[in-house]
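Encoded as structure tokens, the structure appears first; notes follow it.
Residue numbers (the numbering used here): 3 to 382.
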């Protein structure tokens with residue numbers, strides 16, 4: 003039987019516990035497991051880096067929500083990214099990355115993976131021809147995509163990029179953090195691997211750090227599982243339990259995030275203190291039609307450029323009160339930040355440097371009239 007998204011979020015991997023009937027998966031807060039005999043671990047569990055029932059429940063749920071074969075939960079989104087790169091790439095290989103990728107992803111490529119011998123080329127992922135031109139035949143192993151991108155909210159045509167990547171013998175990897183699996187399922191559009199920072203919308207409450215990989219192919223999933231165990235940056239059992247708790251309300255939260263974001267976009271668009279609003283739900287957004295085709299709705303992330311330049315952007319961030327000045331995104335509370343000086347400071351001076359007048363909003367689920375009032379006073 004095929005179940006709807008909200009049903010999977012509540013039930014996939016989360017059957018009532020067999021011994022007591024507990025409807026919530028237990029937290030198996032253990033490092034090791036008694037074995038029935040030498041070489042005969044009970045139910046296959048021997049050590050919690052290699053496997054833990056709470057983490058397994060989360061991994062099964064993540065795979066179901068992303069319509070994938072194998073889900074893997076990590077200590078952070080960057081731990082997931084690092085494990086993926088070291089599994090599918092080697093020294094001398096090449097990756098195409100977004101020209102406005104998350105600053106931590108850029109740092110991983112530029113300061114860590116490049117020293118290991120992995121080359122990368124930034125390309126505008128909203129331009130399929132630009133991605134095709136950036137591929138090095140026989141050398142490119144991965145086309146890495148964010149959609150929407152962080153923080154400029156560019157939109158990539160995932161079906162088109164899947165064809166481009168596969169024609170070149172490369173994998174299409176999609177960071178789906180901004181959209182969440184509720185709004186977009188990249189594997190159904192041809193992606194090979196989906197990446198998440200589960201810290202964000204999947205967890206949804208700003209109380210846990212985690213990451214995930216979901217694969218379309220079971221064999222690739224098992225290769226990644228081997229490296230997950232060998233490299234060790236796994237999600238702990240309590241973190242996995244918190245993330246599962248957050249997932250249960252992902253659908254209803256995302257609808258409220260989207261409702262509030264649409265109201266705020268309507269307020270900001272054309273405001274005298276705002277130079278430009280970046281949101282794929284705007285009909286004027288260059289990726290609007292593609293986003294409408296591949297997303298359920300347009301998300302809770304908004305970026306805008308302050309009409310008064312960098313100092314005005316910083317002032318807006320500092321004056322906000324209900325919008326908390328903080329990095330991260332995707333929690334129930336609204337956040338505001340200056341990407342150039344905060345989340346994307348590591349990209350300063352690089353081809354991925356973001357505009358200095360940019361402000362990024364993670365719109366929460368508060369009463370939207372209160373959020374609008376806060377922005378009114380913050381804009382000055």
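Even for Gly, the Cβ is constructed at its ideal location relative to N, Cα and C. In this text the structure is predicted, and so the values were computed from the model without any measurement.
Review point. Between residue 216 and residue 64, which are expected to be in contact by the criterion C-beta below 8 Å, what is the C-beta distance as a whole number of angstroms?
Key: 6 Å
Review point. For residue 99, which of helix, strand or coil comes out of DSSP?
Key: strand
Review point. Excluding five sequence neighbours on each side, which residues of the same chain lie with their C-beta closer than 6 Å to the C-beta of residue 53?
Key: 47
Check your understanding: How many whole angstroms separate the CB atoms of residue 382 and residue 343, which I take to be in contact at a CB cut-off of 8 Å?
Key -> About 19 Å; that fails the 8 Å criterion.
Practice item. Closer than 8 Å by C-beta to residue 267: which residues in its own chain qualify, once you throw out the five before and the five after it? Chain order, please. Key: 279, 281, 283, 284, 304
Review point. How long is the line joining the alpha carbons of residue 265 and residue 357, rounded to whole angstroms?
Key: 24 Å
**Study point:** Any alpha helix (DSSP H) of 4 or more consecutive residues that is wholly inside the region 51-97
**Key:** 55-67, 79-90
Check your understanding: If you draw a straight line from the C-alpha of residue 316 to the C-alpha of residue 374, how long is it?
Key -> 18 Å
Check your understanding: If you compare alpha carbons, which of 155, 167, 154 is closest to residue 146?
Key -> 167
**Study point:** Extent of the continuous beta strand (DSSP E) to which residue 350 belongs
**Key:** From DSSP, residue 350 is part of no beta strand (DSSP E); its letter is neither H nor E.
Exercise for review: Output yes or no for whether 7 Å exceeds the beta carbon distance between residue 245 and residue 200.
Suggested key: yes
Practice item. Can you grab the Cα-Cα spacing for the pair residue 67 / residue 242, in whole Å? Key: 15 Å
Review point. Anyone know if the C-beta pair for residue 202 and residue 11 falls short of 7 Å?
Key: no
Point to revise | Opening and closing residue of the beta strand (DSSP E) in which residue 177 lies | key: 173-177
Review point. Which partner residues does residue 146 have in the DSSP bridge list?
Key: 175
Check your understanding: Looking at residue 137 and residue 170, is the spacing between their C-beta atoms short of 7 Å?
Key -> yes
**Study point:** Boundaries of the alpha helix (DSSP H) in which residue 240 is found, first to last residue
**Key:** 239-249
Point to revise | Which of helix, strand or coil DSSP assigns to residue 266 | key: helix
Point to revise | Separation of residue 340 from residue 184, as counted between CA atoms | key: 27 Å
Practice item. Figure out for me which residue from 364, 188, 94 has the closest Cα to the Cα of residue 70. Key: 188
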